[in-house]
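**Student:**
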Amino acid sequence: MNATTPPAPSQDNGPKRALAMSTIAFTVCFAVWTIFSIIGVRIKQELGLSETEFGLLVGTPILTGSLVRIVLGVWTDRFGGRLVYTATMLAAAAATFLLAFAQTYTQMLVAALGVGLAGGSFAVGVAYVSRFFPADRQGTALGIFGVGNVGAAVTKFAAPFVLVAAGWQEVALIWAAALGFMAFIFWFGTEDDPVIRERRIHGGQPKEFWSEFAPLKNVQVWRFGLYYFFSFGAFVALALWLPRYLIGVYGFDIATAGMIGAAYSIPASIFRAYGGVLSDRVGARTVMYWTFGVSAVATLILALPAADYVVRGISGPMSFHFEVGPIAFMVIAFVLGFFMSLGKAAVYKHIPVYYPQNVGAVGGLVGMIGGLGGFVLPIAFGALNDLTGLWTSCFMLLFAIVVASLVWMHLSIRRMSRTEIEPLAVAAQ
């Protein structure tokens with residue numbers, strides 16, 4: 504049996520239990536991974552950080568969670584998701600606990616690196632869950648697993664109240680305890696995946712370590728990575744950045760900004776399951792076209808800065824004012840989050856189809872690139888604020904990324920279509 508092909512479906516509830524427990528665990532991990540979106544605002548005030556320093560602080564956990572994904576994905580293929588998932592959660596819980604005792608900016612950055620391990624759990628969950636389901640159900644299963652992104656909303660809902668009542672250190676302690684408890688529940692509530700069980704029974708050996716990385720030479724894998732850089736990386740970046748944006752642009756307090764940020768995060772997470780179902784039914788490629796098309800329109804609107812215009816009318820100068828108000832912003836952000844959620848699922852529908860023997864490595868690399876978006880973009884948002892003085896500059900950058908993704912995807916699809924048609928034309932002559 505190969506490393507990633509699941510056996511014939513059985514009558515036990517192992518697949519459902521593995522999916523449910525992995526999704527819950529990923530929700531807790533994601534809540535920890537995005538903890539700085541709330542406590543970072545208070546830390547910025549206490550330490551007097553610049554916008555760029557704030558962007559680096561909230562992005563540092565995303566860096567760790569991104570870089571470790573490819574390694575964790577390969578380890579999951581080799582040693583099984585039950586072991587790797589539990590160990591990852593315990594390590595992240597320890598780092599989050601130590602964060603509560605950090606006092607300087609440097610100490611907080613170091614602790615944030617460890618907190619970021621929670622984000623690496625995504626690659627573990629993808630490789631673990633996919634082994635329990637056949638190919639025609641993997642899009643739905645991985646879409647449901649990806650609903651764990653709603654952990655970002657959990658943090659935005661709950662953390663502001665804990666922060667106001669007891670301080671940001673208490674938030675770190677509670678989130679660490681929750682993650683450690685989840686690791687305990689996951690270990691005793693799940694079982695090894697079918698491939699690991701089969702390997703244990705028949706004494707099979709995993710593939711050579713370096714052979715796991717062979718598919719990474721394909722440009723297609725990196726193209727998938729760009730798709731995920733936007734659909735997931737931009738989602739994480741906005742989940743981290745929106746509270747700060749809403750406070751700066753609309754003058755909301757931190758609790759209100761957290762609530763509105765959660766209103767963005769929830770649809771961008773929950774509807775990921777629907778994106779998996781759609782990918783199974785109408786095809787991941789179609790879903791990606793809708794994702795990029797609608798997202799381009801949404802980011803273009805949000806990129807327009809508030810402005811006053813004076814034009815020469817028939818009867819003299821005429822003044823106009825343009826601004827995306829808070830209600831319009833929330834509606835457009837909801838639409839953007841919805842289509843991002845569909846895109847996240849569609850990207851990962853591609854991977855088991857094109858690379859069934861290397862889901863861990865390919866899924867890890869794509870997840871790493873997407874996660875790097877969550878690290879790079881908040882820093883870029885802060886730097887753009889400092890350089891341009893425009894709050895909407897973050898959406899200008901996202902518009903450029905989504906247009907580049909759409910163009911590359913379309914050109915690649917047309918090239919593949921010509922490659923498929925030309926041999927048929929030659930044969931018909």
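Numbered continuously in my numbering, the sequence shown closes out at residue 932.
From the three backbone atoms N, C-alpha and C, an ideal C-beta is built for every residue, glycine too.
#1: Look up Arg640 in the DSSP assignment and say whether it is helix, strand or coil.
#2: What are the uninterrupted segments assigned as alpha helix (DSSP H) that are 4 or more residues long and contained completely in the segment 783 to 813, given in chain order?
#3: What residues match up with His824 in a beta bridge as DSSP calls it?
#4: Apply the 10 Å Cβ neighbour rule to Ile704 and answer buried if 16 or more other Cβ atoms are within range, or exposed otherwise.
#5: Just the C-alpha distance for Glu701 and Asp580, rounded to the nearest angstrom, thanks.
#6: Rounded to the nearest angstrom, what separates Val650 and Phe825 at their Cα positions?
#7: For the alpha helix (DSSP H) holding Trp725, just list the boundary residues, first then last.
#8: Is Gly819 helix, strand or coil when you go by DSSP?
#9: Would Tyr753 and Ala836 qualify as a contact pair, given that the criterion is a beta-carbon distance under 8 angstroms?
#10: Reducing DSSP to helix, strand and coil, say where Phe604 ends up.
#11: One question on the structure: do Ala597 and Gln672 come within less than 8 angstroms of each other, judged by their Cβ atoms?
#12: Report the three-state DSSP secondary structure of Gly622 (helix, strand or coil).
#13: Buried or exposed: Ile542, going by 16 or more other Cβ atoms within 10 Å of its Cβ?
#14: Hey, is the segment 632 to 647 in contact with the segment 514 to 525, meaning 3+ C-beta pairs nearer than 8 angstroms?
#15: Kindly give me the distance between the Cβ atoms of Thr530 and Val653, rounded to whole angstroms, as I take these residues to be in contact under 8 angstroms.
#16: If you measure between the beta carbons of Gly622 and Pro564, is that distance less than 8 angstroms?
#17: Buried or exposed: Phe664, going by 16 or more other Cβ atoms within 10 Å of its Cβ?
#18: Just tell me which of Arg585, Cys532, Trp578 and Ile854 has its CA closest to the CA of Gly642.
#19: Going by CA-CA distance only, name the one from Thr658, Ala737, Thr607 and Val574 that's closest to Leu875.
#20: Which residue wins for smallest C-alpha separation from Thr609, given the options Val698, Ala595 and Glu556?
#21: Could you check the C-alpha separation between Ala787 and Phe842 for me, to the nearest Å?
#22: Compute the Euclidean distance between the alpha carbons of Ile804 and Phe832, then round it to the nearest angstrom.
#23: I'd like to know if the segment 804 to 814 and the segment 913 to 922 are in contact, where contact means that at least 3 CB-CB pairs between them fall below 8 angstroms.
**Tutor:** So, to answer that:
#1: helix
#2: 787 to 806
#3: Asp811
#4: exposed
#5: 13 angstroms
#6: 36 angstroms
#7: Val722 to Tyr731
#8: strand
#9: no
#10: coil
#11: no
#12: helix
#13: buried
#14: yes
#15: 6 angstroms
#16: yes
#17: exposed
#18: Ile854
#19: Ala737
#20: Glu556
#21: 13 angstroms
#22: 9 angstroms
#23: no
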